[in-house]
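Everything below concerns the one structure shown next.
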Amino acid sequence: MLKIALIAHDRKKDEMVNFVTAYEHVFAGHKLYGTGTTGQRIMDNTDLDVHRFMSGPLGGDQQIGALVAQNEMDLIIFLRDPLMAQPHEPDIIALLRLCDVQGIPCATNIATAEILVKALDRGDFAWRELVHKYKPGIDE
42 MLKIALIAHD RKKDEMVNFV TAYEHVFAGH KLYGTGTTGQ RIMDNTDLDV
92 HRFMSGPLGG DQQIGALVAQ NEMDLIIFLR DPLMAQPHEP DIIALLRLCD
142 VQGIPCATNI ATAEILVKAL DRGDFAWREL VHKYKPGIDE
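Shown next, in the form of structure tokens:
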């Protein structure tokens, strides 16, 4: 079971809900996390359970980022709106940077998200199990 974060800017929320609905059978076997409204909309439109954090602008991106920094997240799908300025842009950039630092796959558009979810469905994320198996403890 992988930990997957689902985040979408306002104008991308419908797209996220439609995407998750289409791949509900894939997401059903994993632990899902989301920012406030995105997580709620997914739960309202599917049978999936989503652990919801705060709204992105209120700190939800940072809450997910904290899990990424600890290598506790396995996949991020963050449907960003590149045509709309975001007041919490530094938080968004920090989250994406943390994904790069930890080597956590992160899709920022629907095309990349679909490729990653199809790989997830095929079992191509088994390497993440090794990351967790050999993760050093806090004392090390």
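Numbering (my numbering), first residue to last: 42 to 181.
The beta-carbon is built from N, C-alpha and C at its ideal position, and this holds for glycine as well.
These numbers come from a predicted model, not from an experiment.
Can you tell me which residues form a DSSP beta bridge with residue i?
i    : result
F119 : I48
C147 : I117
Taking residue i as part of the beta strand (DSSP E), name the residues at either end of that continuous run.
i   : result
H92 : 91-93
K72 : 72-75
According to DSSP, simplified to helix, strand and coil, what is residue i?
i    : result
A69  : coil
M57  : helix
M84  : helix
G106 : helix
A63  : helix
L161 : helix
A167 : helix
A154 : helix
L43  : coil
E181 : No answer about E181 holds up, because its pLDDT of 45 lies below 50 and its placement is not dependable.
Here's a check: name, in chain order, each residue in its chain whose Cβ is nearer than 6 Å to the Cβ of residue i, leaving out the five neighbours to either side.
i   : result
H71 : M42, L43, I45
M84 : V91
I26 : No information on residue 26 is available, as it lies outside the stretch 42 to 181 that the chain covers here.
Y64 : V158
Who are the near neighbours of residue i in its chain, counting only those whose CB is closer than 8 Å to its CB and skipping five residues on each side?
i    : result
E181 : Confidence in E181 is poor, its pLDDT being 45 and thus under 50, which makes the residue's placement unreliable; the coordinate value appears in the next sentence. Counting only Cβ-Cβ distances below 8 Å, and skipping sequence neighbours, we find nothing.
I105 : A46, I48, Y74, T76, F94, M114, I117, L136
Just to confirm my understanding: we take residue i, look at its own chain, exclude 5 residues before and 5 after, and list those with CB closer than 7 Å. What are they?
i    : result
F60  : I151, A154
H129 : G97, P98, D102
Can you tell me the Cβ-Cβ gap for residue i and residue j, rounded? I've got them flagged as a contact below 8 Å.
i   : j   : result
M95 : G77 : 6 Å
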